[in-house]
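Note sheet for the following structure.
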Amino acid sequence: GYSDRVNPDYMKMPAVARAEEAVLGMLLLRPDEFIPQLKSPDAPVTQDDFLTEFNLRLFRSLMEGDNGEIDFSAFSPDEVGRITRMKVDRMQVSDNGAGVFLDCCHKLKEAAEKQRQKTVLLSADDLKAMLTEKRSQNKK
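Anchor point for the sequence shown: position 81 equals 81 in our numbering, and the numbering is continuous, going up by one each time.
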């Protein structure tokens with residue numbers, strides 16, 4: 001099957017990963033404008049909204065650096081390539097203004113919440129299946 005070596009979680013939750021990459025691309029493109037918003041108490045997204053491990057690492061790196069400076073030594077060459085692609089992808093979009101940034105943040109929050117609900121529902125279903133299986137074994 002197809003896999004993503006840089007962000008293995010991409011295949012498990014593509015909607016979340018795409019939403020994360022849109023937000024990250026805008027942070028990479030316009031760090032001076034958008035990173036301060038994310039450091040404020042009413043930030044439109046937080047690290048809790050990033051569910052894929054690679055994108056969370058990048059988000060943390062952006063938030064810890066000065067004005068979006070990234071410690072590239074913490075990333076592999078393939079990861080640096082992906083980070084660059086996120087920025088270039090956003091450069092090709094004509095509108096990267098504040099309104100679009102907030103839209104991207106809201107889409108990420110929604111996608112992350114849907115993914116969390118899906119995970120919770122799957123866990124509950126798995127538990128029911130295990131209980132049913134266990135009960136049928138005990139009857140034998």
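We put the beta carbon where it would ideally sit given N, CA and C, even for glycine.
About 6 Å separates the beta carbons of S61 and A74, which is inside the 8 Å limit, making them a contact pair. Between A19 and C104, the gap from beta carbon to beta carbon is short of 8 Å.
The three-state reading of DSSP puts S40 in coil, since its state is none of H, G, I, E or B.
Put simply, the stretch 114-129 does not touch the stretch 27-40. Fewer than three CB pairs are less than 8 Å apart. Restricting attention to E133, S136, L108, T132, the CA atom closest to the CA of D48 is found in L108. Under the rule that a run must span 4 or more residues, the alpha helix (DSSP H) segments found entirely inside the stretch 66-103 read 77-91. Taking the CA atoms as reference points, F101 sits about 12 Å from V93. With fewer than 16 other Cβ atoms from the protein chains shown falling within 10 Å of its own Cβ, V88 counts as exposed. I83 and G99 have their C-alpha atoms roughly 23 Å apart. DSSP places M11 in the coil class of the three-state scheme, outside both helix and strand. Around the C-beta of T132, fewer than 16 other C-beta atoms lie within 10 Å, and the residue is accordingly described as exposed. The residue among R5, L38, N7 with its C-alpha nearest the C-alpha of H106 is L38. When the beta-carbon positions are compared, N138 and M26 stay at least 8 Å from each other.
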